[in-house]
């Protein structure tokens, strides 16, 4: 099957209805475009597990808390479609903003305490808007499975709760982060970095690895782990850490005493670009 | 086909999956039970328009802003099931609270300006909770058509926006209010009234009819219409009008100058029972 393009919800739904009748599993890979190897990994996993894969490309204006971030967000639609074709995506859905928001959104999704920490603290309204647009995409496509990257850990956790809370008949699949050779998590925003900024951007991941190591070697107090990690940041790099938090991997609430796996999640500003990353930290097993 | 009962989402979905494969239209009539002729009218219209009709009976604790209202809300499950059987409902869905809320609701629906006036002003959180539970019921049943009474005009308007905003593939059908011989709108809460209260409860509808008449005879300023109407209420009746508003029938926003059809909506307390009602008011056509 060749890759089909749909710009309209009506056309997409008509196409999917045909497939749905056959009982085939529909997979959805929602993206904001500017596709990289991390997205390709999502698509590949969807292709393995589903009969039909839809990749949506939609830069959702409502989830941007800063106008310049929305304006500067990388857009590479022609290349994205080529990536989808080489990855054997069945349908690429590229709706306009008017197609997704034909009128002002009167009803929205409100995220509770899950959205209180991490990015929720620094990007007001962002997570509600992500949950809202994902709900819309899930209603448009009605997939059996939907794929999200683990790099956006809080987003992934919220979408799992969204599906649980609204009893949506879809399985959410988290896919591991793809990294550059030096460990930098792939992100569409990486291409906004200058060569120098690209070098310094790795500081965030190193901070997370340091945290991971401290926890693996028995450190149990989150506050101390974070203080030690923050003290490791070289003074002369042009990176500002917005947050470094240790949270419960499921409900994203801060952990004080580390007794099981925790998620170390961080956000960093490199120039005007904001990057996020996370790693799972496993404490040493008690041997008594 | 006889009336089937389902208490679990899983069993209900299994039953519906069989029907869905045949391409039949599934109709949903969501209720809080204590069924009366108004509900029967919803069911009858659903039976006419759908191949399979599901009636849900679920008293949603989250939408009650007062504990005593939840506790005292009439519950007549055995009779309700009989009503469903006589109305040839295909499936009666009677989930427990744990079935609908197996865990605390982390993600909820937030209603915007549509929920600002009328009941939204007096029952904090109520409309968000209604929208949230309706979204859940729509996801559980995935009907092609869902039926709601026009008596709850603001609720109906919000559900129409909910469906529009989240692109849900369902048609919302509003069904006219059924009234007693004297005009009192049928409501499950009417059975909480004493015989004397039942007599005085009609004041609300009379107020709405007076408003309707004033508008039909050319009065255009909402403020004056409301003042005149309120002045009509006999001083000696034990009814407290919580609100009387003239709003746009679609978006439920207050109207100041009446230039087209408006909805006159009111809420009244009769003892500890709160009743609502509404009528559409058409101004006289300009003949210039």
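Protein chains in written order, with our numbering: chain A, -14 to 273; chain B, -14 to 273. Where is the CB? At the ideal position from N, CA and C, for every residue including glycine.
(request) Starting from residue 120 of chain A, find everything on chain B with Cβ-Cβ shorter than 7 Å and list it in chain order. (result) Here the neighbours are 151.
(request) With hydrogens ignored, establish whether the beta-carbon of residue 30 of chain A is closer than 8 Å to any heavy atom of the ligand HEM. (result) As for the ligand HEM, it is missing from this structure, which has no ligand bound.
(message) Any C-beta of chain A within less than 8 Å: which residues of the region 91 to 102 of chain B qualify?
(response) Within the region 91 to 102 of chain B, those residues whose Cβ lies closer than 8 Å to any Cβ of chain A are, in chain order, 91, 92, 93, 94, 95, 96, 97, 98 and 99.
(request) Give a yes or no on contact between the region 42 to 59 of chain B and the region 75 to 82 of chain B, applying the rule of three or more CB pairs nearer than 8 Å. (result) Using a C-beta cut-off of 8 Å, the region 42 to 59 of chain B makes contact with the region 75 to 82 of chain B, since at least three inter-stretch Cβ pairs fall below that distance.
(message) Helix, strand or coil for residue 186 of chain A? Go by DSSP, reduced to three states.
(response) Residue state, collapsed to three classes: coil.
(request) Per DSSP, which residues does residue 263 of chain B bridge with? Please list them. (result) Among the bridge pairs identified by DSSP, residue 263 of chain B is matched with B/250.
(request) Flag residue 252 of chain B as yes if its beta-carbon sits less than 9 Å from any beta-carbon of chain A, otherwise no. (result) Residue 252 of chain B does not count as touching chain A.
(request) Could you please give me the residues that DSSP links to residue 130 of chain A through a beta bridge? (result) Residue pairing by DSSP places residue 130 of chain A opposite A/12 and A/156 in a beta bridge.
(request) Please check if any C-beta of chain A sits within less than 9 Å of the C-beta of residue 248 of chain B. (result) For residue 248 of chain B, no CB of chain A lies under 9 Å from its own CB, so it is not counted at the interface with that chain.
(request) Output yes if chain B places a C-beta closer than 9 Å to the C-beta of residue 13 of chain A; else output no. (result) Not an interface residue.
(request) Check residue 228 of chain B in the structure and name its three-state DSSP category. (result) Strand at residue 228 of chain B.
(request) Pull up the distance between the alpha-carbon of residue 187 of chain A and that of residue 246 of chain A, whole angstroms please. (result) Residue 187 of chain A and residue 246 of chain A have their C-alpha atoms spaced approximately 23 Å apart.
(request) Over the uninterrupted alpha helix (DSSP H) stretch that includes residue 142 of chain A, give me the two end residues. (result) 138 to 150 is the span of the alpha helix (DSSP H), which, as asked, contains residue 142 of chain A.
(request) Using a Cβ-Cβ cut-off of 9 Å, state whether residue 46 of chain A counts as contacting chain B. (result) The Cβ of residue 46 of chain A sits no closer than 9 Å to any Cβ of chain B.
(request) Spell out whether any CB of chain A is found under 9 Å from the CB atom of residue 139 of chain B. (result) Output row for residue 139 of chain B: interface = no.
(request) Could you check what DSSP says for residue 218 of chain B in three-state terms: helix, strand or coil? (result) Coil.
(message) Assuming residue -9 of chain B and residue 29 of chain B are in contact, meaning their beta carbons sit under 8 Å apart, how far apart are those beta carbons, in whole angstroms?
(response) Their Cβ separation, rounded to whole angstroms, is 21 Å, which puts residue -9 of chain B and residue 29 of chain B out of contact at 8 Å.
(request) Establish whether the CB of residue 171 of chain A and some CB of chain B are separated by less than 9 Å. (result) Chain B, which has no Cβ nearer than 9 Å to the Cβ of residue 171 of chain A, makes this no.
(request) Tell me whether residue 114 of chain A is buried or exposed, calling it buried when 16 or more other Cβ atoms sit within 10 Å of its Cβ. (result) So residue 114 of chain A ends up on the buried side.
(message) Tell me which residues share the same chain as residue 203 of chain A and place their Cβ nearer than 8 Å to its Cβ, disregarding the 5 neighbours each side in the sequence.
(response) Only 268 and 269 meet the Cβ criterion.
(request) Kindly say whether residue 116 of chain B, judged by its beta-carbon, lies nearer than 9 Å to any beta-carbon of chain A. (result) At a cut-off of 9 Å, the C-beta of residue 116 of chain B has a neighbouring C-beta in chain A.
(message) Within the continuous beta strand (DSSP E) that includes residue -3 of chain B, where are the two ends?
(response) Looking at the DSSP string, residue -3 of chain B is not in any beta strand (DSSP E); the run it does join, the alpha helix (DSSP H), is -6 to 6.
(request) Using a Cβ-Cβ cut-off of 9 Å, state whether residue 238 of chain A counts as contacting chain B. (result) No, its Cβ sits nowhere closer than 9 Å to a Cβ of chain B.
(message) Could you check whether residue 95 of chain B and residue 94 of chain A sit closer than 9 Å to each other, using their CB atoms as the reference points?
(response) A contact, by the Cβ cut-off of 9 Å.
(request) Tell whether a beta-carbon distance below 9 Å holds between residue 157 of chain A and residue 138 of chain A. (result) Going by C-beta atoms, residue 157 of chain A is not nearer than 9 Å to residue 138 of chain A.
(request) Closer than 9 Å by beta-carbon distance: list the chain B residues that pair up with residue 200 of chain A, in chain order. (result) Listed along the chain, the chain B residues whose CB falls inside 9 Å of the CB of residue 200 of chain A amount to none; the nearest CB is some 26 Å away.
(request) With DSSP collapsed to three states, give me the class of residue 98 of chain A. (result) Helix.
(message) Buried or exposed, going by whether 16 or more other CB atoms sit within 10 Å of the CB of residue 18 of chain A?
(response) In summary, residue 18 of chain A is buried, with 16 or more beta-carbon neighbours lying within 10 Å of its beta-carbon over all protein chains present.
(message) Would residue 74 of chain B and residue 121 of chain B be called neighbours here (beta carbons separated by less than 9 Å)?
(response) No, the Cβ-Cβ distance between residue 74 of chain B and residue 121 of chain B is not below 9 Å.
(request) Please check the pair residue 111 of chain A and residue 50 of chain A, which I expect to be a contact at CB under 8 Å, by giving their CB distance rounded to whole angstroms. (result) Contact between residue 111 of chain A and residue 50 of chain A holds, since their C-beta atoms are separated by about 5 Å, short of 8 Å.
(message) Which same chain residues end up closer than 8 Å to residue 0 of chain A when comparing Cβ atoms and leaving out the 5 residues on each side of it in sequence?
(response) Contacts found: -11, -9 and 76.
(request) Answer yes or no: does any C-beta atom of chain A fall closer than 9 Å to that of residue 130 of chain B? (result) When Cβ-Cβ separations below 9 Å define contact, residue 130 of chain B makes no contact with chain A.
(message) Just to make sure I have the definition right: I need the residues of chain A whose C-beta is within less than 9 Å of the C-beta of residue 147 of chain B. Which are they?
(response) What residue 147 of chain B touches in chain A: 91 and 92.
(message) Using only the alpha-carbon positions, how far apart do residue 163 of chain A and residue 103 of chain A sit?
(response) The alpha-carbon atoms of residue 163 of chain A and residue 103 of chain A are separated by roughly 21 Å.
(request) Indicate whether the contact test is met: 3 or more Cβ pairs, each with one atom in the region 244 to 258 of chain B and one in the region 214 to 229 of chain B, closer than 8 Å. (result) Segments in contact, yes.
(request) With DSSP as the reference, please indicate the residues paired to residue -9 of chain A in a beta bridge. (result) Residue -9 of chain A pairs with A/78.
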